[in-house]
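Just so we're aligned, residue 8 is where the sequence shown starts under the numbering used here, counting upward by one. Following: one structure in C-alpha coordinates, then a few remarks.
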Amino acid sequence: MPPTYMGRRLRAQNHSVPGLSDHLNCSFWLTRLPADVTIKEIADSIRACGRVYHIRIISGYGHSRGAAAIVTFFNSSATMAFLDGHVFGAQVYLRVRGRMVSVVRNRIKIPPQLDLPIDHTRVIRIAGPVEIVNYQFLTTHFESFCKYELEDVLDHSITPGHGDLEFRFARYDSQAECVFHALERDTLFAHNPLVTVHFAADPCAQLGFALSALVIIIRSLAIVWPGLTAAFMGCMGPRSGLDADVLRNR
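This is the structure:
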(Lines of atoms letter the chains of each structure in order from A and count residues from 1; the text may use other names and numbers.)
(Lines give C-alpha, C1' and ligand atoms only; values in the text may rest on other atoms or scores of the structure.)
Protein backbone atom coordinates (compact mmCIF):
# COMPACT_ATOMS: atom_id res chain seq x y z
CA MET A 1 0.00 0.00 0.00
CA PRO A 2 1.27 3.52 -0.74
CA PRO A 3 2.52 5.75 2.10
CA THR A 4 -0.42 8.13 1.52
CA TYR A 5 -2.94 5.36 2.27
CA MET A 6 -5.23 6.47 5.13
CA GLY A 7 -7.17 3.26 5.72
CA ARG A 8 -6.65 0.34 8.09
CA ARG A 9 -3.65 -1.50 6.66
CA LEU A 10 -4.11 -4.62 8.79
CA ARG A 11 -7.80 -5.09 8.04
CA ALA A 12 -8.13 -8.15 5.78
CA GLN A 13 -11.11 -6.71 3.90
CA ASN A 14 -8.95 -3.76 2.76
CA HIS A 15 -6.56 -6.04 0.86
CA SER A 16 -7.05 -7.41 -2.62
CA VAL A 17 -8.59 -10.89 -2.75
CA PRO A 18 -7.09 -12.92 -5.61
CA GLY A 19 -9.70 -14.81 -7.60
CA LEU A 20 -12.62 -12.75 -6.26
CA SER A 21 -15.47 -12.73 -8.78
CA ASP A 22 -16.08 -9.40 -10.50
CA HIS A 23 -19.63 -9.20 -9.18
CA LEU A 24 -18.25 -9.37 -5.63
CA ASN A 25 -15.58 -6.74 -6.23
CA CYS A 26 -16.95 -3.60 -4.58
CA SER A 27 -14.15 -1.27 -5.74
CA PHE A 28 -13.94 0.93 -8.85
CA TRP A 29 -11.06 2.77 -10.53
CA LEU A 30 -11.89 6.24 -11.93
CA THR A 31 -9.72 8.11 -14.45
CA ARG A 32 -9.93 11.31 -16.54
CA LEU A 33 -10.70 13.35 -13.44
CA PRO A 34 -9.72 17.03 -13.16
CA ALA A 35 -6.33 17.47 -11.50
CA ASP A 36 -7.86 19.43 -8.63
CA VAL A 37 -10.96 17.27 -8.15
CA THR A 38 -12.27 17.00 -4.60
CA ILE A 39 -13.80 14.21 -2.54
CA LYS A 40 -17.05 16.20 -2.49
CA GLU A 41 -17.22 16.46 -6.28
CA ILE A 42 -16.84 12.71 -6.65
CA ALA A 43 -19.36 11.97 -3.89
CA ASP A 44 -21.85 14.46 -5.33
CA SER A 45 -21.78 12.58 -8.64
CA ILE A 46 -22.83 9.35 -6.91
CA ARG A 47 -26.45 9.15 -5.86
CA ALA A 48 -29.10 6.47 -5.46
CA CYS A 49 -26.49 3.72 -5.17
CA GLY A 50 -25.50 2.63 -1.68
CA ARG A 51 -23.14 3.26 1.20
CA VAL A 52 -19.64 4.28 0.11
CA TYR A 53 -16.88 2.54 2.07
CA HIS A 54 -14.18 4.92 0.95
CA ILE A 55 -13.14 7.47 -1.67
CA ARG A 56 -9.47 8.06 -2.35
CA ILE A 57 -7.95 10.50 -4.85
CA ILE A 58 -4.62 9.81 -6.58
CA SER A 59 -3.14 13.09 -7.83
CA GLY A 60 -0.80 13.52 -10.81
CA TYR A 61 -2.07 10.43 -12.62
CA GLY A 62 -1.27 9.66 -16.28
CA HIS A 63 0.37 11.68 -19.02
CA SER A 64 -2.07 14.56 -18.55
CA ARG A 65 -1.13 14.77 -14.85
CA GLY A 66 -4.81 14.77 -13.98
CA ALA A 67 -6.26 12.69 -11.17
CA ALA A 68 -7.58 9.20 -10.62
CA ALA A 69 -9.68 7.91 -7.76
CA ILE A 70 -10.80 4.75 -6.05
CA VAL A 71 -14.44 4.44 -4.98
CA THR A 72 -15.36 1.40 -2.91
CA PHE A 73 -18.82 0.46 -1.71
CA PHE A 74 -19.85 -1.51 1.37
CA ASN A 75 -21.66 -4.26 -0.54
CA SER A 76 -22.45 -5.81 -3.91
CA SER A 77 -25.97 -4.39 -4.14
CA ALA A 78 -24.50 -0.88 -4.02
CA THR A 79 -22.02 -1.70 -6.78
CA MET A 80 -24.81 -3.02 -9.00
CA ALA A 81 -26.94 0.06 -8.36
CA PHE A 82 -23.91 2.20 -9.24
CA LEU A 83 -23.41 0.33 -12.51
CA ASP A 84 -27.12 0.49 -13.36
CA GLY A 85 -27.09 4.26 -13.00
CA HIS A 86 -23.89 4.96 -14.95
CA VAL A 87 -23.78 2.59 -17.93
CA PHE A 88 -23.75 4.30 -21.34
CA GLY A 89 -23.80 1.68 -24.08
CA ALA A 90 -21.00 -0.76 -23.26
CA GLN A 91 -19.05 1.68 -21.07
CA VAL A 92 -19.38 2.95 -17.52
CA TYR A 93 -18.97 6.69 -16.98
CA LEU A 94 -19.43 9.23 -14.22
CA ARG A 95 -19.98 12.94 -14.76
CA VAL A 96 -17.74 15.30 -12.79
CA ARG A 97 -17.75 19.01 -13.72
CA GLY A 98 -19.53 18.06 -16.92
CA ARG A 99 -16.75 15.78 -18.13
CA MET A 100 -17.15 12.05 -18.62
CA VAL A 101 -15.01 10.15 -16.14
CA SER A 102 -14.05 6.59 -17.08
CA VAL A 103 -14.98 3.88 -14.57
CA VAL A 104 -13.72 0.29 -14.45
CA ARG A 105 -13.59 -2.38 -11.78
CA ASN A 106 -10.53 -1.86 -9.62
CA ARG A 107 -7.88 -4.53 -10.18
CA ILE A 108 -7.33 -4.41 -6.41
CA LYS A 109 -10.41 -6.46 -5.61
CA ILE A 110 -12.17 -5.50 -2.38
CA PRO A 111 -14.92 -7.85 -1.11
CA PRO A 112 -18.20 -6.81 0.53
CA GLN A 113 -17.87 -5.66 4.15
CA LEU A 114 -20.17 -8.36 5.49
CA ASP A 115 -18.88 -8.15 9.05
CA LEU A 116 -20.00 -4.56 9.59
CA PRO A 117 -23.40 -3.42 10.94
CA ILE A 118 -25.76 -2.22 8.21
CA ASP A 119 -26.27 1.15 9.93
CA HIS A 120 -22.55 2.01 9.87
CA THR A 121 -21.57 4.63 7.30
CA ARG A 122 -18.81 7.15 6.60
CA VAL A 123 -21.13 9.87 8.00
CA ILE A 124 -21.35 10.81 11.68
CA ARG A 125 -23.83 13.22 13.23
CA ILE A 126 -23.04 14.82 16.58
CA ALA A 127 -25.41 16.97 18.64
CA GLY A 128 -24.94 18.65 22.00
CA PRO A 129 -23.85 21.82 23.79
CA VAL A 130 -22.30 24.25 21.33
CA GLU A 131 -19.22 24.59 23.55
CA ILE A 132 -18.09 21.12 22.42
CA VAL A 133 -20.23 20.59 19.32
CA ASN A 134 -18.79 23.18 16.98
CA TYR A 135 -16.66 22.85 13.85
CA GLN A 136 -13.41 24.21 15.24
CA PHE A 137 -13.43 22.17 18.44
CA LEU A 138 -14.48 18.88 16.84
CA THR A 139 -12.17 18.96 13.81
CA THR A 140 -9.24 19.66 16.11
CA HIS A 141 -10.43 16.99 18.55
CA PHE A 142 -10.66 14.40 15.75
CA GLU A 143 -6.98 14.97 14.94
CA SER A 144 -6.07 13.45 18.30
CA PHE A 145 -7.72 10.21 17.17
CA CYS A 146 -6.67 9.80 13.54
CA LYS A 147 -5.75 11.37 10.22
CA TYR A 148 -8.85 12.08 8.19
CA GLU A 149 -10.32 13.80 5.15
CA LEU A 150 -13.75 15.39 5.06
CA GLU A 151 -16.07 15.46 2.09
CA ASP A 152 -18.29 18.02 3.76
CA VAL A 153 -19.70 19.25 7.07
CA LEU A 154 -23.38 20.14 7.38
CA ASP A 155 -24.73 22.32 10.17
CA HIS A 156 -28.21 21.23 11.29
CA SER A 157 -28.22 23.48 14.36
CA ILE A 158 -31.51 25.18 15.11
CA THR A 159 -31.67 25.88 18.86
CA PRO A 160 -29.33 28.57 20.25
CA GLY A 161 -26.60 27.03 22.38
CA HIS A 162 -27.13 23.59 20.84
CA GLY A 163 -24.85 22.33 18.07
CA ASP A 164 -25.88 19.69 15.53
CA LEU A 165 -23.21 18.84 12.96
CA GLU A 166 -22.99 16.16 10.28
CA PHE A 167 -19.47 15.08 9.29
CA ARG A 168 -19.09 13.32 5.96
CA PHE A 169 -15.71 11.57 5.91
CA ALA A 170 -13.82 10.29 2.88
CA ARG A 171 -13.63 6.85 4.47
CA TYR A 172 -15.51 4.67 6.88
CA ASP A 173 -12.51 2.58 7.91
CA SER A 174 -9.95 4.40 10.06
CA GLN A 175 -11.85 7.69 9.84
CA ALA A 176 -15.60 7.70 10.57
CA GLU A 177 -15.25 4.36 12.36
CA CYS A 178 -12.26 5.55 14.39
CA VAL A 179 -13.90 8.84 15.38
CA PHE A 180 -17.14 7.14 16.38
CA HIS A 181 -15.46 4.60 18.68
CA ALA A 182 -13.08 7.22 20.09
CA LEU A 183 -16.03 9.44 21.05
CA GLU A 184 -17.68 6.44 22.71
CA ARG A 185 -14.72 6.36 25.10
CA ASP A 186 -14.21 10.11 25.39
CA THR A 187 -15.10 11.60 28.78
CA LEU A 188 -16.59 14.71 27.14
CA PHE A 189 -19.04 12.67 25.06
CA ALA A 190 -19.46 9.21 26.57
CA HIS A 191 -22.43 8.87 28.93
CA ASN A 192 -23.18 12.57 28.53
CA PRO A 193 -27.00 12.89 28.45
CA LEU A 194 -26.71 16.20 26.57
CA VAL A 195 -24.74 14.67 23.68
CA THR A 196 -25.75 12.25 20.93
CA VAL A 197 -23.34 10.64 18.48
CA HIS A 198 -24.58 8.31 15.76
CA PHE A 199 -23.96 7.19 12.20
CA ALA A 200 -26.08 9.05 9.67
CA ALA A 201 -27.27 8.16 6.17
CA ASP A 202 -24.72 8.33 3.39
CA PRO A 203 -26.01 10.75 0.73
CA CYS A 204 -24.62 8.40 -1.93
CA ALA A 205 -27.15 5.81 -0.76
CA GLN A 206 -30.28 7.94 -0.94
CA LEU A 207 -33.11 6.12 -2.71
CA GLY A 208 -30.71 3.42 -3.81
CA PHE A 209 -32.91 0.39 -3.32
CA ALA A 210 -36.06 2.11 -4.60
CA LEU A 211 -34.47 3.35 -7.81
CA SER A 212 -32.72 0.04 -8.49
CA ALA A 213 -36.01 -1.80 -8.19
CA LEU A 214 -37.69 0.81 -10.38
CA VAL A 215 -35.09 0.37 -13.12
CA ILE A 216 -35.71 -3.40 -13.15
CA ILE A 217 -39.46 -2.89 -13.38
CA ILE A 218 -39.15 -0.31 -16.18
CA ARG A 219 -36.82 -2.56 -18.18
CA SER A 220 -39.23 -5.46 -17.88
CA LEU A 221 -42.27 -3.42 -18.87
CA ALA A 222 -40.42 -1.73 -21.73
CA ILE A 223 -40.30 -5.08 -23.50
CA VAL A 224 -44.09 -4.97 -23.69
CA TRP A 225 -44.41 -1.19 -24.16
CA PRO A 226 -41.34 0.25 -25.94
CA GLY A 227 -42.56 3.81 -25.39
CA LEU A 228 -42.41 3.40 -21.61
CA THR A 229 -38.76 4.44 -21.34
CA ALA A 230 -39.36 7.86 -22.93
CA ALA A 231 -42.52 8.40 -20.90
CA PHE A 232 -40.79 7.48 -17.67
CA MET A 233 -37.77 9.69 -18.33
CA GLY A 234 -40.05 12.60 -19.18
CA CYS A 235 -41.71 12.30 -15.78
CA MET A 236 -38.46 11.89 -13.86
CA GLY A 237 -36.73 14.88 -15.47
CA PRO A 238 -33.20 15.32 -16.77
CA ARG A 239 -31.46 15.01 -13.38
CA SER A 240 -33.20 11.90 -12.10
CA GLY A 241 -30.00 9.91 -12.09
CA LEU A 242 -31.50 7.46 -14.61
CA ASP A 243 -30.31 8.22 -18.13
CA ALA A 244 -32.58 7.25 -21.00
CA ASP A 245 -29.55 5.86 -22.85
CA VAL A 246 -28.94 3.52 -19.93
CA LEU A 247 -32.40 2.06 -20.17
CA ARG A 248 -32.32 1.77 -23.94
CA ASN A 249 -28.93 0.02 -24.04
CA ARG A 250 -29.39 -2.44 -21.21
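Each residue gets a CB set at the ideal place from its N, CA and C atoms; glycine is no exception. Computed from a predicted structure; not experimentally measured.
- D91 sits away from F206, with the two beta carbons spaced by 7 Å or more.
- Secondary-structure assignment with DSSP links M107 through a beta bridge to R102.
- Annotation: the continuous alpha helix (DSSP H) that includes S84 extends over 83-93.
- A straight line joining the alpha-carbon of D180 with that of G105 spans about 30 Å.
- Counted as a single uninterrupted DSSP element, the stretch harbouring I64 is not any alpha helix (DSSP H) but the beta strand (DSSP E) occupying residues 59-68.
- By the Cβ rule, the region 30-46 counts as touching the region 102-117, because three or more pairs are nearer than 8 Å.
- Beta-bridge pairing by DSSP links R178 to H61.
- With at least 16 other beta carbons inside 10 angstroms of its own, G135 counts as buried.
- R102 counts as exposed, since fewer than 16 other beta carbons sit within 10 angstroms of its beta carbon.
- Ranking L195, Q213, D209 by CA distance to the CA of F144 puts L195 first.
- Approximately 5 Å separates the beta-carbon atoms of V204 and I133; this is inside 8 Å, confirming the contact.
- Taking C-beta atoms as the reference points, A76 and C56 fail to come closer than 7 Å.
- Burial check for Y60: the Cβ neighbour count within 10 Å reaches 16 or more, so the residue is buried.
- Spanning the alpha carbons of L161 and F176 requires a straight line of approximately 12 Å.
- The beta-bridge partner set that DSSP reports for I49 is empty.
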